[in-house]
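Accompanying notes for the structure given below.
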Amino acid sequence: MTTDSSNKTSLQIATRITESILAKQLAPGTRLGEQQLADLFGVSRTLIREALMRLAARGIVQVSARRGWYVIEPTAAEAREAFEARRVIELGLLRHARPLTKAALDKLHDHIAQEQSAISGDDIGARSYLLGDFHVCLCECLGNNLLSDTLRDLTARTTLTAMLRQSSSQAVDSCEDHVHIVDALERGDIDEAERLMLDHLQIVESTLYDEVQPNDPLNALRTALTPVSAAKGRLAATQSSNPSVTTRASKSAMKSAVGKRAASKTSSKPTLSSLSTQSRASSNLPGKEMKK
Numbered sequence: 320m321t322t323d324s325s326n327k328t329s330l331q332i333a334t335r336i337t338e339s340i341l342a343k344q345l346a347p348g349t350r351l352g353e354q355q356l357a358d359l360f361g362v363s364r365t366l367i368r369e370a371l372m373r374l375a376a377r378g379i380v381q382v383s384a385r386r387g388w389y390v391i392e393p394t395a396a397e398a399r400e401a402f403e404a405r406r407v408i409e410l411g412l413l414r415h416a417r418p419l420t421k422a423a424l425d426k427l428h429d430h431i432a433q434e435q436s437a438i439s440g441d442d443i444g445a446r447s448y449l450l451g452d453f454h455v456c457l458c459e460c461l462g463n464n465l466l467s468d469t470l471r472d473l474t475a476r477t478t479l480t481a482m483l484r485q486s487s488s489q490a491v492d493s494c495e496d497h498v499h500i501v502d503a504l505e506r507g508d509i510d511e512a513e514r515l516m517l518d519h520l521q522i523v524e525s526t527l528y529d530e531v532q533p534n535d536p537l538n539a540l541r542t543a544l545t546p547v548s549a550a551k552g553r554l555a556a557t558q559s560s561n562p563s564v565t566t567r568a569s570k571s572a573m574k575s576a577v578g579k580r581a582a583s584k585t586s587s588k589p590t591l592s593s594l595s596t597q598s599r600a601s602s603n604l605p606g607k608e609m610k611k
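Next up, the structure:
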């Protein structure tokens with residue numbers, strides 16, 4: 320990703336980072352080291368710092384004395400606020416939309432074709448980016464470039480709460496929603512387009528909250544250990560609730576095991592024939608061949 324510094328500005332670097340978030344390639348909490356980014360982009364740390372300050376002002380990255388620069392980790396409440404802001408912007412744009420030009424409709428159809436191609440090709444990064452960027456593209460086609468930048472930032476914030484968790488079926492559903500919205504706009508049915516957009520945002524938002532998990536560094540280990548603890552708990556509960564049954568079952572199992580061991584000793588007493596067979600069989604084991 321190293322490039323000529325003369326071809327990069329702080330705005331372009333900030334845009335690249337935002338696009339990577341939309342593509343779900345930068346996870347929440349990812350540390351953004353100034354020197355590492357400077358090496359990757361082939362620019363000075365001063366330019367990187369300017370780009371990160373741009374993103375901090377837009378609410379996409381944060382900085383602290385302990386962690387340095389890092390991608391924000393939005394809470395569920397913050398995600399709800401972002402979706403509320405998106406509804407205000409997107410539904411308001413559609414409510415006051417003018418008929419789309421042929422060029423604008425062609426651009427939207429082309430965007431949807433790219434979404435469908437990314438979904439069929441199972442490209443998670445491109446799929447995520449294009450599904451989020453559709454809303455920005457629609458905003459631009461409706462003739463408001465000023466709000467498109469704000470909408471891109473809000474979409475990035477909501478994307479961060481569902482990083483790499485959208486299934487292929489959900490992606491297909493989102494793409495189909497986009498198709499219906501554009502069809503309604505092409506027919507000039509603005510009310511229907513607004514209704515479809517509202518339904519679409521509400522569905523995406525509802526699945527997002529189901530996927531949000533608390534930021535718990537021990538969560539993976541805790542999950543791995545839970546079945547063992549639960550099994551012990553069930554066993555203890557069974558024994559404490561009916562100790563006599565447990566005792567009888569234990570004694571019965573012990574008697575059965577003793578009987579089986581005795582029978583085994585009687586029936587499996589080795590003979591010369593059996594020992595000879597075992598010796599020949601053991602000589603053919605892979606381990607024996609390797610030792611040779």
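The sequence shown begins at 320 in the numbering used here and counts up one residue at a time.
We treat Cβ as the ideally placed atom computed from N, Cα and C, and that holds for glycine.
Every value quoted in this text rests on a predicted model; they were computed, and no experiment measured them.
Of the listed residues the options, nearest to residue i (C-alpha basis)
i: Ala384; options: Arg405, Arg350, Leu412, Glu397; result: Arg350
i: His415; options: Pro347, Gly507, Glu392, Gln521; result: Gly507
i: His624; options: Leu473, Asn464, Leu450; result: Given that the chain is displayed from residue 320 to residue 611, the structure contains no residue 624 and the question cannot be resolved.
i: Leu466; options: Ala357, Val407, Tyr389; result: Val407
i: Arg368; options: Trp388, Ala423, Gln521, Gly378; result: Trp388
i: Gly352; options: Ala376, Arg386, Arg335, Arg377; result: Arg386
i: Leu356; options: Arg335, Asp492, Lys343, Gln435; result: Arg335
i: Asp492; options: Asn463, Ala422, Asn464, Ile522; result: Ile522
i: Ala308; options: Ala503, Asp468, Thr526; result: Because the chain is modelled from 320 through 611, residue 308 falls outside the range shown and cannot be assessed.
Chain-order list of residues whose beta-carbon lies under 6 Å from that of residue i (same chain, five-residue window excluded)
i: Ser339; result: Leu345
i: Ala283; result: Only positions 320 to 611 of the chain appear in the structure, and residue 283 is not among them; the question remains open.
i: Thr337; result: Ala475
i: Arg471; result: Val455
i: Ala295; result: A query on residue 295 cannot be resolved here, the shown segment of the chain reaching from 320 to 611 and no further.
i: Ser587; result: Interpretation of Ser587 is limited by its pLDDT of 46, a score under 50 that renders its predicted location unreliable; the figure taken from the coordinates is listed afterwards. There are no such residues.
i: Gln433; result: Leu449
Neighbourhood of residue i by C-beta, 7 Å cutoff - its chain only, sequence neighbours within 5 removed
i: Leu413; result: Ile509, Ala512, Glu513, Met516
i: Gln354; result: Arg364
i: Leu410; result: Glu513, Met516, Leu517
i: Thr526; result: Gln489
i: Gln435; result: Cys494
i: Asn463; result: Leu412
Beta-carbon proximity list for residue i, same chain, < 8 Å, skipping 5 on both sides
i: Ile431; result: Phe453, Cys494, His497, Val498, Val501
i: Arg373; result: Ser329, Leu330, Ala333
i: Gly444; result: Ala342, Lys343, Gln344
i: Ala503; result: Ile509, Glu511, Ala512, Leu515
i: His428; result: Val501
Proximity below 8 Å, CB of residue i to CB of residue j
i: Phe402; j: Thr478; result: no
i: Thr480; j: Pro393; result: yes
i: Ala404; j: Leu341; result: no
i: Glu505; j: Leu424; result: yes
i: Val382; j: Lys327; result: no
i: Pro347; j: Ile379; result: no
Check: residue i C-beta below 7 Å from any heavy atom of the ligand GTP
i: Ala396; result: The model depicted lacks the ligand GTP and carries no ligand whatsoever.
(request) Please specify which runs of the beta strand (DSSP E), each continuous and at least 3 residues long, are wholly inside the stretch 326-413, giving them in chain order. (result) 380-383, 387-390
(message) Does the structure place the stretch 456-464 close enough to the stretch 394-404 that three or more beta carbon pairs sit under 8 Å?
(response) no
(message) Report the start-end ranges of each beta strand (DSSP E) in the stretch 498-526 that is 3 residues or longer and not cut off at the edges.
(response) Segments of the beta strand (DSSP E) lying fully in the stretch 498-526: there are none.
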